[in-house]
Amino acid sequence: MNDSRSVTRRSFLRKSALLGAAVAGMPRGAQRLQAQSTPDTTRPIPVVLATDIGDDIDDTWALGLLLKSPELDLKLVMGEYGKAQYRAKLLAKFLQTTGHGRVPIGIGPDVEPRGQGGQAAWVNDYDLASYPGKVHSDGVQALVDTLMQSSRPVTLICIGPMPNVAAALARQPLIAQRARLVGMDGSVRLGYGGSTTVSAEWNVKAAVKAAQRVLSAPWDITITPLDTCGLVTLDGERYRRVLEAADPVASTVIQNYRLWSRSNNQGDAERRSSVLFDTVAVYLAFSQDLCKMERLGIRVSEEGYTRIDEQAKPMNVATAWKSLDRYRDLLVQRLVGG
Numbered sequence: 339m340n341d342s343r344s345v346t347r348r349s350f351l352r353k354s355a356l357l358g359a360a361v362a363g364m365p366r367g368a369q370r371l372q373a374q375s376t377p378d379t380t381r382p383i384p385v386v387l388a389t390d391i392g393d394d395i396d397d398t399w400a401l402g403l404l405l406k407s408p409e410l411d412l413k414l415v416m417g418e419y420g421k422a423q424y425r426a427k428l429l430a431k432f433l434q435t436t437g438h439g440r441v442p443i444g445i446g447p448d449v450e451p452r453g454q455g456g457q458a459a460w461v462n463d464y465d466l467a468s469y470p471g472k473v474h475s476d477g478v479q480a481l482v483d484t485l486m487q488s489s490r491p492v493t494l495i496c497i498g499p500m501p502n503v504a505a506a507l508a509r510q511p512l513i514a515q516r517a518r519l520v521g522m523d524g525s526v527r528l529g530y531g532g533s534t535t536v537s538a539e540w541n542v543k544a545a546v547k548a549a550q551r552v553l554s555a556p557w558d559i560t561i562t563p564l565d566t567c568g569l570v571t572l573d574g575e576r577y578r579r580v581l582e583a584a585d586p587v588a589s590t591v592i593q594n595y596r597l598w599s600r601s602n603n604q605g606d607a608e609r610r611s612s613v614l615f616d617t618v619a620v621y622l623a624f625s626q627d628l629c630k631m632e633r634l635g636i637r638v639s640e641e642g643y644t645r646i647d648e649q650a651k652p653m654n655v656a657t658a659w660k661s662l663d664r665y666r667d668l669l670v671q672r673l674v675g676g
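Just so we're aligned, residue 339 is where the sequence shown starts under my numbering, counting upward by one.
Written out as structure tokens, the structure reads:
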């Protein structure tokens with residue numbers, strides 16, 4: 339399907355087109371520097387995932403989609419927003435179980451909130467020391483190092499509150515020049531459940547100061563607010579295909595969804611998904627074809643709202659779907675491996 343394979347680093351590509359003629363006239367050393375900052379669209383996009391996995395189940399679905407997207411090359415996963423050991427163990431066991439046990443993991447700071455969540459039963463007996471890949475005890479520094487040391491621009495996918503990303507910016511502000519950010523953040527014209535009343539969306543509201551810092555930093559930003567991500571669910575034949583899939587990623591997602599659903603007394607893991615907010619941020623890391631994109635100034639208010647403000651930081655906002663059903667089909671196709 340063309341939609342699933344399209345390359346999306348459009349902001350980088352526009353800049354490359356404008357600079358193309360100028361590069362030809364540069365001294366050779368300057369041309370080498372320019373080449374380092376120009377994207378190679380023939381190779382997978384290097385990405386880092388910052389996630390509060392283990393609270394809502396949609397982070398687990400999003401990680402599954404990322405692992406099944408050949409356009410993306412996962413360089414690091416970092417737990418966000420407290421619960422450091424719980425999130426690290428979830429990431430490690432999921433990656434190891436699905437055959438991706440060499441992906442580096444960054445452990446977030448041991449701060450509030452602490453404890454576990456609805457997938458704790460899946461990792462209670464898991465020994466993080468058994469993970470075959472690198473586990474960084476300082477996930478914030480691992481994020482800084484990954485972005486600063488990459489020879490190619492990195493896409494940072496943020497699907498949770500962002501205090502650790504804000505901490506990385508405080509340590510090294512230059513990371514905003516080494517990456518673009520794609521986030522599941524905010525509510526622009528629609529709120530939860532498609533309501534015409536906008537919401538103070540959780541990823542912003544839970545850590546407002548961090549969101550203000552991250553969403554005003556000088557990287558290229560793309561977000562999916564509730565206007566688009568809040569409408570994504572799977573049911574009927576689409577959901578049945580994921581439920582019955584033999585693919586290790588799909589089956590591991592469903593195993594965790596069943597545990598989460600029972601623990602939280604919500605969702606219906608045998609019939610339909612919960613709202614899969616975070617999967618859309620992963621999609622936007624490699625394609626925007628199925629979304630209506632607008633360039634909007636977005637200001638984060640003290641109450642956690644994302645207000646349209648032409649004086650604020652401009653960003654690419656997925657404000658509506660061109661075809662939500664085609665996105666659902668793509669999501670299922672990726673997860674089931676067919």
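C-beta atoms are modelled at their ideal positions from N, C-alpha and C, and glycine is treated no differently.
- Check the Cα spacing between residue 632 and each of 535, 433, 500 and 565: the tightest is with 565.
- The beta carbon of residue 643 is closer than 6 Å to those of 538 in its chain, skipping five residues each way along the sequence.
- Out of 666, 580, 495 and 458, the CA that lies nearest to the CA of residue 568 is found in 666.
- Beyond the five residues adjoining it in sequence on each side, residue 400 comes within less than 6 Å, by CB distance, of 497, 616, 617 and 620 in the same chain, given in chain order.
- CA-CA distance, residue 661 to residue 629, rounds to 7 Å.
- Assignment of beta-bridge partners to residue 482 by DSSP yields no partner.
- No residue range can be given for residue 527, since it is assigned to no alpha helix (DSSP H) and is classified by DSSP as neither H nor E.
- The bridge partners DSSP lists for residue 417 are 389.
- Between the alpha carbons of residue 436 and residue 590 lies a distance of about 7 Å.
- In this structure residue 410 is not in contact with residue 442, their Cβ atoms being roughly 15 Å apart against a cut-off of 8 Å.
- For residue 395, there is no enclosing beta strand (DSSP E), as DSSP marks it with neither H nor E.
- A contact between stretches requires three or more CB pairs, one per stretch, nearer than 8 Å, and the segment 552-565 fails this requirement with the segment 585-602.
- Annotation: residue 412 to residue 488 spans about 12 Å, alpha carbon to alpha carbon.
- Here residue 494 really is in contact with residue 386; their C-beta atoms are around 5 Å apart, less than 8 Å.
- In this structure, the CA atom of residue 623 is about 26 Å from the CA atom of residue 457.
- For residue 482, the closest alpha carbon among the candidates 467, 515 and 408 is that of 515.
- Annotation: residue 444 to residue 389 spans about 11 Å, alpha carbon to alpha carbon.
- Secondary-structure assignment with DSSP links residue 384 through a beta bridge to 411.
- Assigned with DSSP and collapsed to three states, residue 659 falls in strand.
- Residue 451 counts as exposed, since fewer than 16 other beta carbons sit within 10 angstroms of its beta carbon.
- Classified as buried, residue 669 has 16 or more neighbouring CB atoms from the shown chains inside 10 Å of its CB.
- A check of alpha carbon separations from residue 499 across 418, 463 and 641 identifies 418 as the nearest.
- The beta-carbon distance between residue 460 and residue 597, rounded to whole angstroms, is 6 Å. This is short enough to meet the 8 Å contact definition.
- Looking from the CA of residue 521, the closest CA among 508, 384, 466 and 653 belongs to 653.
- Annotation for residue 635: 646, 647, 648, 649, 650, 651 and 652 place their beta carbon closer than 7 Å to its own, counting only its chain and skipping 5 residues before and after.
- The beta carbon of residue 507 lies closer than 7 Å to those of 513, 514, 551, 552 and 555 in the same chain, with the five residues before and after it left out.
- For residue 608, no beta strand (DSSP E) encloses it, and the DSSP letter there is neither H nor E.
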